[in-house]
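Residue numbers (this note's numbering): 250 to 410. We put the CB at the ideal spot given by N, CA and C, even for glycine. Values in this document were obtained by computation on a predicted structure and should not be read as measured data.
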Ligand SMILES: CC(C)(COP(=O)(O)OP(=O)(O)OC[C@H]1O[C@@H](n2cnc3c(N)ncnc32)[C@H](O)[C@@H]1OP(=O)(O)O)[C@@H](O)C(=O)NCCC(=O)NCCS
């Protein structure tokens with residue numbers, strides 16, 4: 250398994266993969282819309298023998314500044330529980346930190362994302378359109394994080410989900 254940044258040539262395979270991971274097309278559409286609105290900052294894929302078996306997108310939040318939203322993360326149903334999701338999330342967080350983003354926010358199962366340093370209590374003080382119990386933050390720059398505006402505004406494409 251190989252993890253790398255996605256290219257435009259991966260897009261059709263990425264859509265198929267996301268749809269099979271979620272069993273529906275909404276999340277693939279979210280990624281299409283995020284790209285269209287130029288809100289995607291990074292897309293990662295995991296490949297096995299040139300097949301795309303995993304994908305992850307990081308998009309720029311409107312608020313707070315210099316922060317990213319992680320969504321969605323997808324691993325092909327036949328390849329789940331083999332460490333692919335973990336490899337994608339670790340690679341994505343490492344590059345985001347290197348590129349000096351302040352934090353990455355995620356909406357999802359706190360038990361799963363907690364393994365990667367996402368902490369519900371760090372996101373708790375932020376006004377959010379989504380439930381606080383499923384919103385977590387991985388802080389990459391603690392100094393900058395302390396002075397962020399305490400409000401989460403997601404890219405427009407999220408409203409369609
Ligand atoms: C959630 C998902 C991305 C995880 O990817 P994966 O490659 O199967 O996960 P990994 O093999 O890296 O698992 C990492 C750890 O999380 C655990 N885990 C995996 N899926 C889990 C889940 N749905 N809930 C809780 N824990 C989970 C694994 O047991 C493993 O724990 P361990 O390190 O203690 O053994 C994948 O199952 C998926 O695509 N699901 C459908 C789409 C989805 O729900 N995406 C997440 C919401 S955006």
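Should residue i be listed as close to ligand 1, given that the test is whether its C-beta is under 8 Å from any heavy atom?
i	result
residue 303	yes
residue 400	no
residue 321	yes
residue 376	no
residue 294	no
residue 361	yes
residue 273	no
residue 410	no
residue 332	yes
residue 255	no
residue 262	no
residue 347	no
residue 353	no
residue 388	no
residue 281	no
residue 242	For the chain, the structure presents residues 250 to 410; residue 242 sits outside this window and is missing.
residue 259	no
residue 328	yes
residue 276	yes
By Cβ distance below 8 Å, which residues in the same chain neighbour residue i in space, the five residues on each side in sequence not counted?
i	result
residue 368	385, 386, 387 and 388
residue 263	255, 277, 280, 292, 294, 301 and 304
residue 341	291, 293, 305, 307, 319 and 353
By Cβ distance, which residues of its chain are closer than 7 Å to residue i, with the 5 residues on each side in sequence left out?
i	result
residue 333	250, 295, 302, 303 and 324
residue 379	356
residue 406	279, 282, 283, 286 and 288
residue 337	252, 293, 295, 303, 305 and 322
residue 259	294 and 301
residue 269	325 and 326
residue 377	384 and 401
Tell me which same chain residues have a C-beta within less than 6 Å of the C-beta of residue i, skipping the five on either side of it?
i	result
residue 371	386 and 388
residue 313	397 and 398
residue 366	387
residue 390	351
Are there any heavy atoms of ligand 2 lying less than 8 Å away from the beta-carbon of residue i, as far as the coordinates show?
i	result
residue 382	Questions concerning ligand 2 fall outside what the structure shown contains, since the ligands it does hold are ligand 1.
Open item on the list: My parser needs the alpha helix (DSSP H) runs of 4 or more residues fully inside the segment 252-298; what are they?
Closed with: Those alpha helix (DSSP H) runs which fall completely within the segment 252-298 and span 4+ residues are 260-271 and 275-285.
TODO: Run through the segment 324-383 for me and flag every whole beta strand (DSSP E) of 3 or more residues, listed as ranges in chain order.
DONE: 352-356
Open item on the list: Pairs of beta-carbons, one from the segment 313-331 and one from the segment 342-351, closer than 8 Å: are there three or more?
Closed with: yes
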